[in-house]
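**Student:** Below are the structure tokens for one structure; questions will follow.
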Amino acid sequence: MDAVCVFVNYNGQWDGTSSSYVGGEMKGILVPDNSTYVGLVELVRSVIGIRGRDKNIVMRYGVEPGLPLVRIQCDADVKFYIQLKKKDVHVLSKFPVTIDVLDESAAEAMPAEVGASNHIDVQRSRDGGQSDEAMQHVNDSNTIIPPPLQFPSPTVGLDLHNEYEIEKQDEVMHNDLCTAHDDCNAGEMHDADESHRSNEKSIAASIGGHSIVNNTRSENDKVSSSESLSDGVIVADYTPVTMRINCIFENKKLLQYHLHHDAMSKHYQFKVKRSNSTLLHVICIDNEGCQWQLRATRMRGSEMFVVKRFDDVHTCSIEIVQGHHRQAKSWMIGECVKAKYLDPTNTLYRPAEIMRDMQDEFGVSFNYLRAWRGKEAALNRLRGDDAGSYKVLPAWAEMVMRKNPASDIQIETDSENCFKYFYMCLAASKHGWPYCRPVIVVDGSALKARFGGMLLAACGHDANGSIFPLAFGIVPSESNESWNWFFEKLRDSIGTRESLAIVADRHKGIEYAVNHVYPDAAFGICVQHLAANLKTRYKDFKGNLKTYFDGASRSYLLSEFHRHMESIRGLNPDMHRYLVEADPTKWSEHTSTVGDMQS
């Protein structure tokens, strides 16, 4: 991923006379080309050490002396700034970003930026998301004319629906009680619902041309009608907002995220009373002693959800919410920490650090396993899940073939059309193999991904003695069948050569495949692998014993080899017997036809 170098100034102050930033500290960060405003804010927060959400940051930069400063406050501003930096890539210190850290109260007191008339102006607040107040300007005909707003959505979809399935099962069991309870409260909600429906048709008609709300109405359609936008704010990203009546969320998943975030930030817990495709009704976990609740319904003809009822007063005891926080689920943890993985230089953000940061920021604690799952959820949001990566493997292979003609790529599936084998040999490897030494070194390594498997690799030695990659393969396990398949594909790609030698560890599957696919090739055991096996098998494999083994493996004279082996026999007879059974012709220089097996 490409990135631009950006210097940030912070902890300084503005000189009122010259409008310059004086003092403070400076750090450099790498900003990826595809950064969003929220991602940049989180990156800056992590770099300058701002953890709490009670602090807001304002980012500005100067273009030329005498001109006003440019403020970064949306995705479009970030993209423009990145393009500006790319045009002056040779001047790294140009256009530094100044960071002002404000308290939440101070940020709310700042004057709002109001646009021209006859348009919806969604104010930005906090870290760049839409604020909890939006001003809408309506012309004389009471028609709202929306601007060409874009509602950003996450790169990878977040499936939160399953988190409510268990609670929904309890809801079904008590459906009659819930229905009776709603009937009792119907009088309270009726007036609020009717007041919102009065503006449905005009709002839907005015925005219908922009595919936000559909004006068509069906008699059997039970989806709630659209709310008046004149009192609400459209929330379209993951920047924290203040919940209130008439808040409009881009979809239900986004609403669920903000509910969970608000609960962790304000240290309360809730449970789901009713949840389906058109309704989300949550109540306080202490529903007998606390009247807190939120009820949101889907807007007619769209995926947006609007808050219809919100009783934001908690009367429950603090003991009710102590201990395990039911809203600190793994997907929510992943959403809170995913910005940490946007920084290309931050490759090691461990679960223990996730537990520490979540405790510092939200005051919630959880075990290591949940932190690990939160890390996986964050990586899945940014990179996609493991199962989905297998689906795009054929398309990826097709692009590799287009960019590297004459390459060999094979993907095989089992009888159920599930992934089984993968093989790749690039054209550059095929063209360079004739100029390498006639030695192939093969090995397998376990994959630590969700579905496991083994990564097989074949490498050669070029004329400079460096490693020259030949081919790679992914198989379920290191079996005779897997190694035989890999060597067959390797032979089809690079063929065979005179005096060819193959070096590997003592895995029986490799020797089996070599004897079947390359019967004329010499087979040798890698001394490094053999030494690792000896170290695991014999605790005294050190000092003189290791020295004698190194001497035996490097001996070019038979007499020298026997002298070292006798020394090994005197110190450890069992190890001497193990080395003899390993066949010295495959690991010692004095009888080997392979050549250098020390690599």
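Take 1 as the starting number for the sequence shown in UniProt numbering and just add one per residue. Just so you know, even glycine gets a beta-carbon here, dropped at the ideal spot from N, CA and C. From a predicted model like this one, the values you see are computed outputs, not experimental measurements.
1. Tell me the rounded alpha-carbon separation between residue 480 and residue 489.
2. Among residues of its own chain, excluding the 5 on either side of residue 379, which ones have a beta-carbon nearer than 7 Å to its beta-carbon?
3. Could you tell me which of 309, 304, 29 and 302 sits nearest to residue 283, measuring between CA atoms?
4. Closest by CA to residue 273, which one among 261, 295 and 587?
5. Are the beta-carbon atoms belonging to residue 563 and residue 533 less than 8 Å from one another?
6. Quick one: is residue 499 buried, meaning 16 or more other Cβ sit within 10 Å of its Cβ, or exposed?
7. Using the beta-carbon count (16 or more within 10 Å), is residue 524 buried or exposed?
8. Of the residues 388, 415, 428 and 384, which one's Cα is nearest the Cα of residue 405?
9. Taking the alpha-carbon positions, what's the residue 30 to residue 515 distance?
10. How do the segment 463-477 and the segment 551-569 stand: do at least 3 beta-carbon pairs fall below 8 Å, yes or no?
11. Please classify residue 493: does DSSP put it in a helix, a strand, or coil?
12. How far does the alpha helix (DSSP H) with residue 352 in it reach, from first residue to last?
13. Cα-Cα, which of 235, 266, 271 and 343 is closest to residue 45?
14. Compare the Cα-Cα distances from residue 528 to each of 509, 560 and 586 and report the closest residue.
15. If we ignore side chains and look at the alpha-carbon of each, how far apart do residue 332 and residue 375 end up?
16. CB-CB under 8 Å to residue 418, same chain, minus the five flanking residues each way: which ones, in chain order?
17. Could you say which of 451, 463, 424 and 368 lies nearest to residue 437 if we only look at CA atoms?
18. Let's see if you can read the secondary structure: which residues bound the beta strand (DSSP E) around residue 100?
19. Run through the DSSP bridge pairs and tell me what residue 366 is partnered with.
20. Taking C-beta to C-beta, are residue 457 and residue 440 nearer than 8 Å?
21. Leaving out the 5 sequence neighbours to the left and right, which residues in its chain are closer than 6 Å to residue 48 when beta-carbon positions are compared?
22. Use the C-beta contact count for residue 65: other C-beta atoms within 10 angstroms, 16 or more gives buried, fewer gives exposed.
23. In whole angstroms, what is the alpha-carbon distance linking residue 492 and residue 519?
24. With DSSP collapsed to three states, give me the class of residue 9.
25. For residue 565, collect the residues of the same chain with a Cβ closer than 6 Å to its Cβ; drop the 5 residues on either side in sequence, then sort them by chain order.
26. Going straight from the alpha carbon of residue 60 to that of residue 407, what length do you get?
27. Secondary structure at residue 541, three-state DSSP: helix, strand or coil?
28. DSSP beta-bridge partners for residue 21?
29. Can residue 35 and residue 97 be called in contact, C-beta distance under 8 Å?
30. On a CA-only basis, which of 401, 426, 397 and 354 is nearest residue 412? Give me that one, please.
31. Would you identify the three-state DSSP class for residue 528, choosing helix, strand or coil?
32. Look up residue 534 in the DSSP assignment and give the residues it is bridged to.
33. When we look at the beta-carbon of residue 255 and count the other beta-carbons within 10 Å, is it buried (16 or more) or exposed?
34. Would you mind sorting residue 251 into buried or exposed? The rule is 16 or more other CB atoms within 10 Å of its CB.
35. Looking at chain C, is there any beta carbon in it that lies within less than 8 Å of the beta carbon of residue 448?
36. My output table needs one value for residue 401: the three-state DSSP class, helix, strand or coil.
**Tutor:** On the basis of the supplied data:
1. Distance between the alpha carbons of residue 480 and residue 489: 14 Å.
2. Within the same chain, residue 379 has close Cβ partners 341.
3. It is 309 whose Cα lies nearest to the Cα of residue 283.
4. The option with the nearest alpha carbon to residue 273 is 295.
5. Taking 8 Å as the Cβ cut-off, residue 563 and residue 533 do not qualify as a contacting pair.
6. It counts as exposed.
7. Around the CB of residue 524, 16 or more other CB atoms lie within 10 Å, so the residue is classed as buried.
8. The residue with the shortest Cα to Cα distance from residue 405 is 428.
9. Cα-Cα distance, rounded: 51 Å.
10. Between the segment 463-477 and the segment 551-569 there are fewer than three C-beta pairs closer than 8 Å, too few to call the two in contact.
11. Residue state, collapsed to three classes: helix.
12. 351-362 is the extent of the alpha helix (DSSP H) around residue 352.
13. Closest in C-alpha terms to residue 45, from the list 235, 266, 271 and 343, comes 343.
14. Per the Cα distances, 586.
15. Going from the Cα of residue 332 to the Cα of residue 375 covers about 10 Å.
16. When the five nearest sequence neighbours on each side are left out, no beta carbon in the same chain lies closer than 8 Å to the beta carbon of residue 418.
17. Considering only alpha carbons, the answer is 463.
18. Run containing residue 100: 97-103, per the beta strand (DSSP E) assignment.
19. According to DSSP, which records beta bridges pairwise, residue 366 is partnered with nothing at all.
20. Note that the C-beta distance between residue 457 and residue 440 is not below 8 Å.
21. Only 10 meet the Cβ criterion.
22. Classification for residue 65: exposed.
23. Spanning the two alpha carbons is a distance of roughly 15 Å.
24. It is a strand residue.
25. Taking C-beta separations shorter than 6 Å and ignoring five residues to either side along the sequence, the partners of residue 565 in its chain run 552, following chain order.
26. In a straight line, the C-alpha of residue 60 is about 49 Å away from that of residue 407.
27. In the structure shown, residue 541 sits in coil (DSSP, three-state: anything other than H, G, I, E or B).
28. Residue 21 is bridged to 14.
29. With a cutoff of 8 Å on beta-carbon distance, residue 35 and residue 97 are scored as not near each other.
30. Across the set 401, 426, 397 and 354, the C-alpha of 397 shows the shortest separation from the C-alpha of residue 412.
31. Collapsing the DSSP output to three states places residue 528 in a helix.
32. Looking at the DSSP output, residue 534 sits in no beta bridge, so it has no partner there.
33. Around the beta carbon of residue 255, 16 or more other beta carbons sit within 10 angstroms, so the residue counts as buried.
34. A residue is called buried when at least 16 other Cβ atoms come within 10 angstroms of its Cβ; residue 251 meets this threshold and is buried.
35. This model lacks chain C altogether, as it is built from one protein chain only.
36. Of the three classes helix, strand and coil, the one that applies to residue 401 here is helix, per DSSP.
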